[in-house]
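In this note's numbering, the protein residues as written are -5 to 184.
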């Protein structure tokens, strides 16, 4: 019978061959996670990633910002851990390509960034710099407070990237800019 426990542990640690959906609660909020087919890492690793990220957000705010959230892990593609998107506090979409490894998700900032969006009001498109800037700035703070990165890493990242948010010649302000730097780092700088 001892082999049964070993077999179960191996099954949880191996990448799943099909969708791996699960739910859990964090401070009374329900998170429902849907994982695409053939995830690049195990179901257990994905569960720990989402749970760890949500715990960091709870530690910062005191509660999870919304009562219910659907987190979709979009699999496929040849890349590694990619980008994410937030949909008005109801749903997150995080892309994890076939080259994603456990080390990538343990060092990830994308999940926390997207979860942070849930705490802020939905603003008009022209104020996207404020939404993205808040999440860009606070994601580093949240991960540092959780001990995932050091304060030195936060400052080094900010010193390296904040100037991406400075206006270029001819800019008419954050509300009218569509550049990546102004949207994310301009909002963080503000």
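Note that beta-carbon positions come from the ideal geometry of N, C-alpha and C, so glycine has one too. All values derive from a computational prediction rather than experimental measurement.
Non-local C-beta neighbours of residue 167 in its own chain, meaning closer than 8 angstroms and more than five positions away in sequence, comprise 161, ordered along the chain. Looking at 64, 20, 129, 48, the one whose alpha-carbon comes closest to that of residue 29 is 64. Taking residue 46 as reference, the option from 119, 116, 141, 125 with the minimal CA-CA separation is 141. Note that the C-beta distance between residue 111 and residue 80 is below 8 angstroms. By the Cβ test, the stretch 96 to 114 is in contact with the stretch 33 to 45, since at least three Cβ pairs between them sit closer than 8 angstroms. In this structure, residue 48 and residue 75 do not form a Cβ contact; the two beta carbons are roughly 17 angstroms apart against a cut-off of 8 angstroms. In this structure, the alpha-carbon of residue 51 lies about 28 angstroms from that of residue 169. DSSP, read as helix, strand or coil, puts residue 150 in helix. Three or more Cβ pairs drawn from the stretch 117 to 131 and the stretch 172 to 180 lie within less than 8 angstroms of each other, which places the two stretches in contact.
Residue 53 and residue 104 have their alpha carbons spaced roughly 17 angstroms apart. The DSSP assignment places 96 to 100, 104 to 111 as complete runs of the alpha helix (DSSP H) inside the stretch 88 to 123, in order along the chain (cut-off: 4 residues). Each residue's CA atom was taken as its position, placing residue 139 and residue 56 some 13 angstroms apart. The three-state reading of DSSP puts residue 68 in strand, counting E and B together. Residue 58: not part of any beta strand (DSSP E); DSSP gives it neither H nor E.
Between the beta-carbon of residue 116 and that of residue 82 there is about 5 angstroms, and that keeps the pair under the 8 angstroms contact cut. Bridge pairing for residue 78: 88 [DSSP].
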